[in-house]
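Quick note: the sequence shown, position 7, residue 0 per the working numbering, numbers continuous. Note that CB positions come from ideal geometry on N, CA and C, so glycine has one too.
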Amino acid sequence: HEVTVRYISPGELMGIASALGRTTYPANALAAVDCVALAWPSQLWATFAASYPSFSANAYKAVGIRLQDAHARVIEMSTEQVEQRVAHALLKLIKQSGKKTEEGIMIDFPISRQDVAEMTGTTLHTVSRLLSAWEDQGLVKSGRQRVVVIEPHRLLVIAEGRSAKG
């Protein structure tokens, strides 16, 4: 069983094991689209940190963001219904990489229903059922490896667990 922990945006640091006090990073990376990744040996971490203060500052900022994300994820998984988790995941993805289109806000990289299931700790069947229902309600439009959020405000209402009638 795979779990998608996060999607990395262009320019974002990833695999920063040394900043976490580890020799290896506790996850694998998989490119959603063609990209270029720069890598360096972890034994150069101390040299880079000493020579380039902005490198070190960016790394520790990334660690802080990851920690905040992990806390939010634990809270979501333990307190939210699956519908809220899926809504939160879609909102996070459009905030991170949304592209305005005539239809709405498109997640600007290929993403499958299985990917959404892995992000939210649920099954492909549940995500398919939710997205189909939301399509019928005009909230989203999805297709093969594609999700467009048509009504982000209504999705936010679901994510926050509020009634759409209020």
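For Val141, I'd like the list of residues in its chain whose CB is within less than 6 Å of its CB, leaving aside the five on either flank, ordered along the chain.
-> Glu96, Gly97, Met99 and Lys134
Which whole-angstrom value describes the C-beta separation of Ala20 and Ala80, a residue pair presumed to lie in contact below a C-beta threshold of 8 Å?
-> That belief does not hold up - the Cβ atoms of Ala20 and Ala80 are roughly 24 Å apart, past 8 Å.
By a C-beta neighbour count over all protein chains shown, 10 Å radius and 16 as the cutoff for buried, is Asp108 buried or exposed?
-> buried
Just reading off the alpha helix (DSSP H) that Ile58 is part of, what are its end residues?
-> Pro46 to Thr72
Around the C-beta of Met70, are 16 or more other C-beta atoms found within 10 angstroms, so that it is buried, or is it exposed?
-> exposed
Is Ala52 closer than 8 Å to Ala12 when the C-beta atoms are compared?
-> yes
Buried or exposed for Val120, please, with buried defined as at least 16 other CB atoms from any protein chain shown within 10 angstroms of its CB.
-> buried
Using only alpha-carbon positions, find the residue among Pro46, Leu124 and Ala32 that is nearest to Gln77.
-> Nearest to Gln77 by alpha-carbon distance, out of Pro46, Leu124 and Ala32, is Leu124.
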